[in-house]
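First comes the structure, then the notes that go with it.
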Amino acid sequence: MKLLLRELRETGSTAIRDKLIESHLGLVEYLARRFAGRGEPLDDLIQVATIGLVKAVDRFDPDREVEFSTYATPTIVGELKRHFRDKGWAVRVPRRLQELNLRLGSVVSKLSQDLQRSPTIGEIAEAATTTEDEVLQALDSSHA
Amino acid sequence: MSTDRGVGTIRRVSDQITVRIPASTPHIGLIRATASALAALLEFTYDQISDLHIAIDEVCGRILATSNPAPRQLEVTFRVDGDSLSVQACGDTPMREGEQFFTTFSKAILDAVAQGMQLTESDGVVCASFQLVKKG
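Below, the structure written as structure tokens:
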């Protein structure tokens, strides 16, 4: 598996990328099923989880000393959780926090690209011109 | 709300913090909130705080799912040691006989997001603990 991932990194071959994605669709379905029964159709969850898998395939560094499935699992779960955060709102979250959360999503993406790492809460608050408490509230509500 | 909550200024939080909540899913949000506030003080990244939330959900969820009789309370203790945050979650009733605390799923999740996952049992009460170490 790591050989394929290394080959993908070196060649950028779409055929290898497809093969890697297809060979992990079982993991995708397994994780998606864990989030079923929360008001979202399983097919949608599988699609969301597949996006997480694609991101994991594209981001995985074959030199890391972890198995790909270990790396991919939290990426896929994170994508599923984000889906519920953005669409599901399992509990009632104030509109102010919903809006802040949506805004923070793009702030976090941009900062992650700029910094080449995940940002801290302080960095997110500064970039979003809000307070750290607000960022934490939004983060907590997104995982409610 | 103050903008100066000490984030980034506290390098070493030596206190041990214990939160005790009624053992029900909605209250686990209080544990997540405490965890993220502490992790932010330690300048953990957004991704790590998300990992912390996932680990807490999974561990607390497994205690609720595997205890018999159902626990009345969950006690979660946070300890900070340098750049590492240790979390220990305990119910107050024993694990159901023949029950496996970790499922394949929970093991995969916890191995991926946290380190040093441990299960201890004392006086019939199960405690699960793990660590997260600040990156970078």
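Same order as they appear, the protein sequences are chains A and B.
Every letter in the first sequence is one number past the one before it in my numbering, and letter 105, counting from 1, is 105.
Every letter in the second sequence is one number past the one before it in my numbering, and letter 19, counting from 1, is 19.
Beta carbons: idealized from backbone N, C-alpha and C, even for Gly.
(1) Residue 77 (chain B) to residue 70 (chain B), Cα distance in whole Å?
(2) By the DSSP assignment, the alpha helix (DSSP H) with residue 48 (chain B) in it spans what residues?
(3) Indicate whether residue 36 (chain A) and residue 49 (chain A) have their beta-carbon atoms separated by less than 7 Å.
(4) With DSSP collapsed to three states, give me the class of residue 128 (chain B).
(5) Count the other CB atoms within 10 Å of the CB of residue 1 (chain A); is the residue buried (16 or more) or exposed (fewer)?
(6) Measuring alpha carbon to alpha carbon, tell me which of B:92, B:87, B:51, B:39 ends up nearest residue 128 (chain B).
(7) From what residue to what residue does the alpha helix (DSSP H) around residue 78 (chain B) run?
(8) Give every residue of the same chain whose Cβ lies closer than 7 Å to the Cβ of residue 131 (chain A), excluding the five residues on either side of it in the sequence, and list them in chain order.
(9) Check whether the Cβ atoms of residue 4 (chain A) and residue 27 (chain A) lie closer than 7 Å to each other.
(10) Taking residue 140 (chain A) and residue 33 (chain B) to be in contact with their CB atoms under 8 Å, please state how far apart those CB atoms are, rounded to whole angstroms.
(11) With distances taken from CA atoms, which of B:102, B:84, B:82, B:67 is nearest residue 92 (chain B)?
(12) I want to verify the contact list: residues of chain A whose CB lies under 9 Å from the CB of residue 97 (chain B), in sequence order.
(13) Using three-state DSSP, classify residue 117 (chain A) as helix, strand or coil.
Once the coordinates are examined:
(1) Each residue's alpha carbon lies about 20 Å from the other.
(2) Unbroken alpha helix (DSSP H) run through residue 48 (chain B): 46 to 66.
(3) Not closer than 7 Å, so no.
(4) DSSP, reduced to helix, strand and coil, places residue 128 (chain B) within a strand of the structure shown.
(5) Counting Cβ neighbours within 10 Å, residue 1 (chain A) comes out exposed, since fewer than 16 surround it.
(6) With distances taken between Cα atoms, residue 128 (chain B) lies closest to B:87.
(7) The continuous stretches of alpha helix (DSSP H) do not include residue 78 (chain B), which lies in the beta strand (DSSP E) extending over residues 73 to 81.
(8) Close CB contacts of residue 131 (chain A) within its chain, under the 7 Å cut and outside five residues either way in sequence, are with 125 (chain order).
(9) No, Cβ-Cβ distance for residue 4 (chain A) and residue 27 (chain A) is not below 7 Å.
(10) Between residue 33 (chain B) and residue 140 (chain A) the Cβ distance is about 5 Å, and since that is below 8 Å, they are a contact.
(11) Nearest C-alpha to residue 92 (chain B) among B:102, B:84, B:82, B:67: B:67.
(12) Taking a Cβ-Cβ cut-off of 9 Å, residue 97 (chain B) has no neighbours in chain A, whose nearest Cβ is about 25 Å from it.
(13) Looking at residue 117 (chain A) - three-state DSSP - the assignment turns out to be coil, as it is neither helix nor strand.
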